[in-house]
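Asker:
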Amino acid sequence: AYNAYQTSLGGGLNKVAGKVFRIGHLGWLNEVMVLASLSAAEMALLDCGVRLAPGSGVAAAIEHFRRTAEMPVAKAA
C-alpha cells in the first residue's frame, strides 16, 4: 500500500492479529484524512484480489461520521 498509495498499513496486534489492520499516521487526523486513508486501504485490498465493493468502507465511515459527529456547518449557522 505504501508504494502504490503512500499509505502505511500494519497488521493487528495481540487478540486482533489477523482480524484487523492499522493505518499508520503521525499525529492528529480529521475525518477527511481518515476517509482518504480508508480509500487507499480499499484500493490496496482490491489490488491484492480481495473481493469487496469499491467505496463500501469509505461509505460506511461517512455514514458513521454523519451519525456521530457534530456537523461544522451547524456551528456556523
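Numbers in the numbering used here are just positions in the sequence shown, counted from 1, shifted up by 10.
Ideal Cβ positions, reconstructed from N, Cα and C, are used throughout, including at glycine.
As the structure is a prediction and not an experimental result, all values here were calculated from the model.
From the DSSP output, which residues share a beta bridge with Arg32?
Answerer: As a beta-bridge residue in DSSP terms, Arg32 pairs with Gly20.
Asker: Given Met43, which residues of its chain have a CB within under 8 Å of its CB, disregarding the five upstream and five downstream residues?
Answerer: The answer, listed in chain order, is His35.
Asker: DSSP state of Gly67, grouped into three classes?
Answerer: In the structure shown, Gly67 sits in a helix (DSSP, three-state: H, G or I).
Asker: Since Ala51 and Phe31 are thought to touch, with beta carbons under 8 Å apart, how far apart are those beta carbons, to the nearest angstrom?
Answerer: Yes, they are in contact, since the Cβ atoms of Ala51 and Phe31 sit about 7 Å apart, within 8 Å.
Asker: What residue range does the alpha helix (DSSP H) around Val44 cover?
Answerer: Counting along the chain, the unbroken alpha helix (DSSP H) around Val44 starts and ends at Glu41 to Asp57.
Asker: When burial is assigned at 16 or more other CB atoms within 10 Å of the CB, is Thr78 buried or exposed?
Answerer: exposed
Asker: Three-state secondary structure (DSSP) at Val26?
Answerer: helix
Asker: Please look up how many angstroms separate the CB atoms of Ser49 and Val68, rounded, as I've assumed it's under 8 Å.
Answerer: 5 Å
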